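Each residue of the sequence shown is one higher than the last, beginning at 6 in the working numbering.
For each residue, glycine too, the CB sits at the ideal point set by N, CA and C.
Quantities reported herein were computed from a predicted structural model and do not represent experimental measurements.
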Amino acid sequence: MLPLRVYNPSFGLPIINSVLLAANLMVFFYLIASPENEASALILKYGAVPKKVWQGENLSSLLTATFVHDVNRIPHIILNMLTLAIFGGNLEAALGHFRYLVFYLLGGLIATLTHVVIWHGQSAAMIGASGAISAVMGAYLVIYPRRTVLFFTPFLGLMRQPALVYMFIWFAVQIVYGYVRLKQGEGGSVAWFAHLGGFVAGIALIRPLQMLAFHSSSPKARAVAPARVSQDRETIL
């Protein structure tokens with residue numbers, strides 16, 4: 006499934022989302038420009054190796070793995086960055102810059118940790134922003150379940166459906182493939198459980214962070230917020 010657009014106007018400049026996009030792309034192009042042996046060493050250093058993390062080693066990789074992508078899988082980073090660009094801006098507007106950054110990093114950490122717990126005996130490094138982006142998608146579902154998403158599917162072509170439908174289909178795919186991998190006893194090349202862990206984390210984290218954002222805002226901003234939410238809900242999908 007390839008998201009192409011959300012019909013949901015955003016307020017403010019998505020500074021943090023733009024920085025996250027730039028950081029991922031910079032790391033990716035740096036790895037492309039590096040000699041193959043150096044790139045492989047960096048992936049092992051900054052990627053999350055479940056067996057090592059499970060033993061208490063290289064714990065920082067729970068976060069750093071989120072910013073590293075496989076240079077041999079260009080479609081993967083394109084899909085990740087496109088998805089982040091489409092859904093992240095609205096979420097940053099809802100949370101504010103700092104809380105959005107905290108949310109993104111927490112979502113990525115929980116997603117990576119989920120993969121580590123499930124596959125704690127494996128020595129293959131887990132890399133990619135998919136887990137953190139899955140958290141963004143989970144939060145988007147909570148806040149904007151009825152917003153229309155334009156997306157492409159291999160079998161049905163272009164579709165315009167509420168975010169609730171899009172996320173349900175996406176989540177079902179992750180469960181099916183995750184279950185298959187679990188039955189086979191191997192993680193494979195896609196961290197399905199990181200996706201699931203990130204998505205659930207996004208659902209769980211978004212409301213508490215929204216409440217923090219609301220209570221820390223000025224009285225004037227709090228007075229305006231309900232009106233903005235009401236107006237947003239009435240936008241034609």
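CB of L214 within 7 Å of CB of R104, strictly: Taking the first residue of the sequence shown as position 1, residue 214 is located at position 209. Taking the first residue of the sequence shown as position 1, residue 104 is located at position 99. Yes, these two residues count as a Cβ contact at 7 Å.
Straight-line gap, A70 to G94 (C-alpha atoms, nearest Å): On the sequence shown, residue 70 is found 65 positions in, with the first residue counted as 1. On the sequence shown, residue 94 is found 89 positions in, with the first residue counted as 1. Rounded to the nearest angstrom, the two C-alpha atoms are 22 Å apart.
Cβ contact (3+ pairs, closer than 8 Å) linking the stretch 190 to 200 and the stretch 40 to 50: no
Whole-angstrom C-beta distance between A98 and F16, which should lie under 8 Å: For the purposes of this step, residue 16 is taken as the residue at position 11 of the sequence shown. For the purposes of this step, residue 98 is taken as the residue at position 93 of the sequence shown. Indeed they touch by this definition, with Cβ atoms about 5 Å apart.
Residue environment, R233, which counts as buried when at least 16 other CB atoms sit within 10 Å: Here the question's residue 233 lines up with position 228 in the sequence shown. With a pLDDT of 40 at R233, under the threshold of 50, the modelled position of that residue is not reliable, and the figure given next carries that caveat. Classification for R233: exposed.
Sub-7 Å separation of A116 and G136 beta-carbons: In the sequence shown, counting from the first residue as 1, residue 116 sits at position 111. In the sequence shown, counting from the first residue as 1, residue 136 sits at position 131. Closer than 7 Å, so yes.
Nearest-angstrom Cα separation, counted from F33 out to D75: In the sequence shown, the residue the question calls residue 75 occupies position 70. In the sequence shown, the residue the question calls residue 33 occupies position 28. Straight-line Cα distance between these residues: approximately 8 Å.
Close Cβ partners of L36 (< 8 Å) along its chain, the five nearest in sequence each way excluded: In the sequence shown, the residue the question calls residue 36 occupies position 31. Excluding positions up to five away in sequence, the list reads A44, L47, I48, V73, H74, V76.
Which residues DSSP lists as bridging Q166, in chain order: Position 161 of the sequence shown holds residue 166. Answer by DSSP bridge pairing, in chain order: V154.
Rounded separation between R186 and A177 - CA only: The residue you call residue 186 lines up with position 181 of the sequence shown. The residue you call residue 177 lines up with position 172 of the sequence shown. In a straight line, the C-alpha of R186 is about 14 Å away from that of A177.
Residue span of the beta strand (DSSP E) that contains R104, given as start and end: To locate residue 104, count along the sequence shown from 1; it is residue 99. Careful: R104 lies outside any beta strand (DSSP E), inside the alpha helix (DSSP H) at 102 to 123.
For F108, the nearest candidate out of P80, S128, S139 (CA to CA): As a position in the sequence shown, residue 108 is number 103, starting the count at 1. For the residues P80, S128, S139, the minimum Cα distance to F108 belongs to S139.
Sheet register partners of A53 (DSSP bridge): On the sequence shown, residue 53 is found 48 positions in, with the first residue counted as 1. According to DSSP, A53 bridges with M131.
Bridge partners - P8, DSSP secondary structure assignment: Here residue 8 refers to the residue found at position 3 when the sequence shown is read from its first residue. In DSSP, P8 forms a bridge with F156.
Straight-line gap, V122 to M131 (C-alpha atoms, nearest Å): By 1-based counting over the sequence shown, the position of residue 122 is 117. By 1-based counting over the sequence shown, the position of residue 131 is 126. Cα-Cα distance, rounded: 12 Å.
Cut-off 7 Å between Cβ atoms - residues of its own chain near N13, not counting five sequence neighbours on either side: As a working mapping, residue 13 is identified with position 8 in the sequence shown. Here the set comprises N95, Y149, R152.
DSSP three-state assignment for A140, whether helix, strand or coil: Numbered from its first residue, the sequence shown carries residue 140 at position 135. Helix, per DSSP.
Endpoints, alpha helix (DSSP H) assigned at S23: Within the sequence shown, the letter at position 18 stands for residue 23. Here the alpha helix (DSSP H) through S23 covers 20 to 38.
CB of M172 within 7 Å of CB of L201, strictly: On the sequence shown, residue 172 is found 167 positions in, with the first residue counted as 1. On the sequence shown, residue 201 is found 196 positions in, with the first residue counted as 1. Not a contact, by the Cβ cut-off of 7 Å.
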